[in-house]
Structures are given as C-alpha cells and as structure tokens.
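First residue of the sequence shown? That's 15 in the working numbering, and the numbers climb one at a time after it. Inspection log for the structure reproduced underneath, given as structure tokens.
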Amino acid sequence: MDELVIKVEGKEYRVTVEETESGKVRVHCGKDVYDLETHKDSDILYPDQVKGREYLEKGLLAVKAPLPGVISSVHVKPGDSIKKGTTIIKMMAMKMENDINAEKDAKVKDIKAKAGDRVNRGDLLMILE
C-alpha cells in the first residue's frame with residue numbers, strides 16, 4: 015500500500031492507495047474508502063479531440079476509425095440507404111481484417127476515406143444521416 019498526500023482546493027489529504035485483485039485502485043482517505051477504475055490517458059477521448067464533432071452537433075453520425083490501420087475497401091457510396099449491421103468499410107489493422115458496420119439504419123451522406131488510406135484511431139471515415 016502506498017501513502018500519498020494529495021491537495022484538493024488548497025486542502026491536503028493523507029491517503030493510502032492499493033490495487034485490488036480486480037485491477038481497480040482502492041483509495042483510503044480517513045474512514046472513507048473509494049474503489050476507482052483507472053484508464054491510460056490514451057484511452058480517453060476528450061470532446062475537443064473528437065474528429066467529426068461538428069457533424070454530431072448537426073444530428074449526423076460520424077463514423078470513425080476504431081483503431082489505426084489501412085482501409086481495405088469501402089462498401090457503400092454517398093446516397094446509399096443502409097441497415098443497422100451492414101458492413102460499410104473493411105480495414106486491415108494488426109494483420110487482421112476488421113469490419114466497420116453501421117450502428118443504425120441510415121443514409122450515407124459523405125465518405126472521407128478510400129481503399130489504401132492509412133488512418134489513425136478516431137479519424138473520420140464517413141458521415142451518415
């Protein structure tokens with residue numbers, strides 16, 4: 015167990031921290047005990063980092079790359095009506111082909127990626143309405 019002193023709004027607190035068997039972090043502060051989940055900063059997308067946010071604000075759905083890779087194929091074109099679960103893009107990532115499927119029934123408004131494009135996690139691939 016590690017002992018730390020943390021400062022919140024100018025007040026110092028002495029806490030002890032330990033990792034639980036389930037991988038959570040247990041923080042003891044006086045008589046209070048808190049079980050917390052931790053995340054690497056790279057797992058967190060802050061609103062100002064989200065590519066395609068301006069589309070979401072207009073009620074459109076921004077389809078983003080779930081991980082870095084190369085687009086293998088695009089299976090739709092602008093104007094196509096698609097059903098939930100339809101494969102709209104295939105991409106290679108970590109030597110495996112991954113399907114990106116429509117999350118809901120929609121119409122393809124715009125396509126931002128094409129076969130052969132290298133993409134990073136969070137890159138905007140397609141806009142659905």
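Ideal placement from N, C-alpha and C gives every residue a C-beta, glycine not left out. Every value quoted in this text rests on a predicted model; they were computed, and no experiment measured them.
Taking K123 as the centre and dropping the five residues before and after it, the same chain places the C-beta of L74, P92, I141, L142 and E143 closer than 7 Å to its C-beta, in chain order. If you draw a straight line from the Cα of M106 to the Cα of N112, it is about 6 Å long. According to DSSP, residue pairing for D16 in a beta bridge involves V31. For K98, the closest alpha carbon among the candidates M108, I114, I85 and S87 is that of I114. With a 10 Å radius around the Cβ and a threshold of 16 neighbouring Cβ atoms, A129 comes out exposed.
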